[in-house]
Amino acid sequence: MSQMLPGSLAVFNSNDIYPIGADSTIPFQQDRNIYYLSGVDQEESILVLFPDAPDPKHREILFLTETNPHIAVWEGEKLNKEKALHTSGIQTVYWKQDFEKVFNELMALTGMVYMNTNEHYRAAHATETREDRFNKWLKENYPAHQVSKSNPILQRLRSIKHPLELQAMQTACNITEKGFRRVLKFTKPGKWEYELEAEFMHEFLNNKSRGFSYTPIIAGGKNATVLHYIENKEQLKDGDLILIDVGAEYANYTSDMTRTIPVSGRYTDRQKQIYTAVNKVKKLATDMLVPGTIWKDYHIEVGKLMTSELLDLKLLDKADVQNENPDWPAYKKYFMHGTSHNIGLDTHDYGLLHEPMKANQVFTVEPGIYLPDENMGIRLEDDVVIQEKGSPKNLMGNIPIEIEEIEDLMNS
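18 is the number of the first residue of the sequence shown in this note's numbering; add one for each residue after it.
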């Protein structure tokens with residue numbers, strides 16, 4: 018509210034419950050912005066912020082679906098006004114059926130309204146959201162009002178984590194660790210990728226997580242060279258590696274881990290060679306995540322680190338580097354994705370990448386080397402918190418990553 022223009026008003030809507038077919042729906046996932054601002058995790062909710070409202074009780078307003086005994090029996094009890102106050106700290110709560118009347122009164126008192134739009138650099142817009150429909154309705158019904166965007170404010174706010182957010186993210190990482198340690202004991206030749214996925218899900222649900230933060234990748238052998246392989250249906254073969262890219266959700270906050278482990282419980286010499294190179298790049302890249310770093314410049318420097326490792330591995334030669342296309346450097350043949358992204362309420366979270374990095378932003382670090390001709394892909398990934406000074410804090414520092422520890426745990 019302190020970053021809104023004088024006299025302006027902002028609106029935030031919950032997500033829809035999305036249909037699958039017949040009477041089936043996808044389990045509800047709250048819009049991250051209304052959740053971040055209010056803590057309300059319920060469908061059909063609306064948050065209105067009007068810092069300069071003449072009536073102090075209208076400076077923060079929640080609109081909720083009015084609960085009743087029928088809803089309580091069939092869907093479970095919804096928030097009433099008292100529980101909404103406890104959840105959000107917002108004093109003024111109206112029922113949703115009063116929204117248009119109250120909103121019309123408020124809009125008569127302002128000339129500017131902030132719309133909530135999704136402007137994430139990887140956003141897909143194939144589906145019209147509840148927020149999209151509201152924004153369309155807003156512009157049709159209030160054409161004389163000036164419109165602004167809340168997104169730049171939220172990109173900055175959400176990228177810097179509050180201690181309570183870091184606590185939730187640490188819990189998510191700790192649950193991910195439990196799942197990984199379980200899978201290390203379980204994995205052996207003949208198991209199936211989906212069986213490893215099931216082991217993770219068991220451990221996640223057993224530790225108060227609702228499940229995976231994103232669709233898990235359990236990729237044995239050559240499947241690991243497909244960056245977003247999500248079928249998880251192949252049998253694990255002796256001598257292969259398994260790339261495991263998973264993370265537990267906790268309280269709507271995400272975690273994002275990648276480990277690459279040997280099906281047999283022992284890495285071959287060649288696998289150790291590639292693994293060690295990836296782990297070295299990961300460690301050096303992590304140390305670069307300090308306040309003031311520019312995301313684009315950071316990726317250029319990580320590219321140089323990876324180029325050096327690929328030269329040592331003889332996967333590249335000096336001519337490859339000298340003749341490389343600056344827009345697609347030689348190392349991209351083996352490491353074709355980015356190294357780091359913001360993480361928080363979304364796995365690829367909000368954060369303005371052209372602005373310098375700041376303390377308490379959380380980034381992944383995830384280099385990899387992919388060798389389809391050798392049926393091998395190795396990626397390693399942790400989630401780290403930028404500190405005021407020094408190297409980042411690794412939220413996954415307790416999750417096994419070194420070759421010796423993984424082999425010991427798989428063979429104990």
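C-beta: ideal position from N, C-alpha, C; glycine also.
Under 7 angstroms between C-beta atoms of residue i and residue j
| i | j | result |
| --- | --- | --- |
| L26 | T109 | no |
| I257 | G282 | Looking at the sequence shown, residue 257 is not Ile but Asp. Cβ distance not < 7 angstroms, so D257 and G282 don't count as in contact. |
| G394 | F352 | no |
| Y52 | N269 | yes |
| I382 | T303 | The sequence given here has Val at residue 382, not Ile. Going by C-beta atoms, V382 is nearer than 7 angstroms to T303. |
| W312 | L370 | yes |
| A185 | F221 | no |
| I403 | L253 | no |
| N97 | T84 | yes |
| N168 | E214 | no |
| E251 | E210 | yes |
| P206 | D286 | no |
| K113 | E61 | yes |
Backbone secondary structure at residue i - three-state DSSP
| i | result |
| --- | --- |
| V119 | helix |
| S408 | coil |
| K254 | coil |
| F29 | strand |
| D270 | The sequence shown places Tyr at residue 270, not Asp. Strand. |
| Y348 | helix |
| K208 | coil |
| K178 | coil |
| Y53 | helix |
| K166 | strand |
| Y131 | strand |
| I403 | coil |
Neighbour-count burial assignment, residue i, 16 or more Cβ in a 10 Å radius
| i | result |
| --- | --- |
| D40 | exposed |
| P279 | buried |
| M18 | exposed |
| Y284 | buried |
| P409 | buried |
| K331 | exposed |
| E99 | exposed |
| Q59 | buried |
| G38 | exposed |
Nonlocal neighbours in the same chain, by C-beta distance under 7 angstroms from residue i, ignoring five residues either side
| i | result |
| --- | --- |
| Y246 | I234, A236, N240 |
| I88 | K95 |
| C190 | S272, D400, L412, M413 |
| T356 | A302, H316, V319, V382, E383, P384 |
| I420 | Y284, K289, Y292 |
| T104 | G56, V57, L96 |
| L322 | V298, L301, A302 |
| N224 | I192, K195 |
Minimum Cβ-Cβ distance from residue i to chain B less than 7 angstroms
| i | result |
| --- | --- |
| I259 | Absent here is chain B; the protein component of the structure consists of one chain. |
Counterpart residues of residue i in DSSP-defined beta bridges
| i | result |
| --- | --- |
| A70 | Answer by DSSP bridge pairing: none, since A70 is not bridged. |
| G237 | I259 |
| W112 | L81 |
| A265 | F229 |
| N359 | F380 |
| L244 | Paired residues: none, contrary to the question. |
| M393 | L388 |
| T42 | P36 |
| N342 | W345 |
Proximal residues to residue i (C-beta, below 6 angstroms), its chain only, five neighbours per side dropped
| i | result |
| --- | --- |
| N50 | F29, N133, L171 |
| A70 | R76 |
| D48 | S31, N32 |
| F217 | G196, V263 |
| T193 | G264, A265, S272, M274 |
Other residues of its chain near residue i: CB distance less than 8 angstroms, five sequence neighbours each side excluded
| i | result |
| --- | --- |
| P389 | K239, T242 |
| Y159 | M124, V130 |
| S165 | L22, S25, M129, V130, Y131, M132 |
| Y138 | L370 |
| D329 | A294 |
| P417 | F197, R198, L201, R276, I423, L426 |
| N428 | G282, R283 |
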